[in-house]
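See below for the structure under consideration.
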Amino acid sequence: MKLTILFDESCKYWIGVIEQEEQGRLKAYRHIFGNEPKDSEILEFVGEKMMELMNLTKVGTDAKQSKSTRVSPKRLARQASKEIAQRGLSCHAQEAIKLDLESRKLQRKVHNRQQILEENERKYQLRVQKAKKKHRGK
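See the structure below:
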């Protein structure tokens with residue numbers, strides 16, 4: 001699991017991107033912090049909210065298989081400095097966030113459509129009852 005905090009130029013907010021590789025799938029979630037987060041806010045987020053948010057993501061993308069061989073300390077230091085220098089999100093994380101957004105959008109669309117149909121049915125039944133009540137007295 002990896003948390004990257006960066007400043008997003010497009011929306012002028014600090015965001016945190018959580019990447020989690022699970023069973024060959026990469027799941028990612030984007031959280032908006034707003035103003036620059038303090039260390040205490042980050043620790044609170046990691047301790048309380050991060051796992052809940054990762055459980056909300058249902059869709060992921062295929063992750064690259066990494067080697068599980070032992071890495072030398074020098075190579076590990078180079079990899080760490082490379083990740084620190086890397087600005088922004090990985091391509092896989094962006095794709096995972098996009099897929100999750102599309103799936104939630106589709107679910108919301110289906111749910112809203114169902115609510116509209118139920119409301120229309122309720123209004124129709126109300127009109128029918130009102131019409132029957134009017135004609136009863138004749």
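For the sequence shown, UniProt numbering assigns the number 138 to the last residue and increments by one with no breaks. Don't be surprised by glycine CBs; every beta carbon is placed ideally from N, CA and C.
- Task: Can you give me the start and stop residues for the alpha helix (DSSP H) that E52 sits inside?
- Result: Your numbering for residue 52 matches position 52 in the sequence shown. Looking at the DSSP string, the run of the alpha helix (DSSP H) that includes E52 is M50 to L56.
- DSSP bridge partner residues for A28 (one or two, in chain order): In the sequence shown, counting from the first residue as 1, residue 28 sits at position 28. In the DSSP output, where bridge partners are listed per residue, A28 has E19.
- Message: For K132 and L126, what's the separation of their Cα atoms in angstroms?
- Response: As a position in the sequence shown, residue 132 is number 132, starting the count at 1. As a position in the sequence shown, residue 126 is number 126, starting the count at 1. About 10 angstroms.
- Message: In the DSSP assignment, the beta strand (DSSP E) including K2 goes from what residue to what residue?
- Response: Position 2 of the sequence shown, counting from 1, holds the residue named residue 2. K2 to D8 is the extent of the beta strand (DSSP E) around K2.
- Pairwise C-alpha distance: E119 and I18: Counting from one through the sequence shown, the residue named residue 18 turns up at place 18. Counting from one through the sequence shown, the residue named residue 119 turns up at place 119. The alpha-carbon atoms of I18 and E119 are separated by roughly 39 angstroms.
- Item | Bridge partner(s) assigned by DSSP for Y13 | As a working mapping, residue 13 is identified with position 13 in the sequence shown. Paired residue(s): D8.
- Query: According to DSSP, what are the bridge partners of G34?
  - Reply: Counting from one through the sequence shown, the residue named residue 34 turns up at place 34. For G34, which the question treats as bridged, DSSP gives the partners W14.
- Name the two residues that bound the continuous alpha helix (DSSP H) containing R136. Mapped onto the sequence shown, residue 136 falls at position 136. First-last of the alpha helix (DSSP H) with R136: C91 to R136.
- Query: Contact between the segment 89–108 and the segment 32–42: three or more CB pairs below 8 angstroms?
  - Reply: no
- Query: Leaving out the 5 sequence neighbours to the left and right, which residues in its chain are closer than 6 angstroms to A52 when beta-carbon positions are compared?
  - Reply: As a working note, residue 52 is residue 52 in the sequence shown. Residue identity check: residue 52 is Glu in the sequence provided, not Ala. None.
- Within this structure, are the beta carbons of I5 and I42 separated by less than 9 angstroms? Along the sequence shown, one-based indexing puts residue 5 at 5. Along the sequence shown, one-based indexing puts residue 42 at 42. Yes, the Cβ-Cβ distance between I5 and I42 is below 9 angstroms.
- Query: Can you tell me the Cα-Cα spacing of L76 and E22, whole angstroms?
  - Reply: To locate residue 76, count along the sequence shown from 1; it is residue 76. To locate residue 22, count along the sequence shown from 1; it is residue 22. Whole-angstrom Cα-Cα distance: 22 angstroms.
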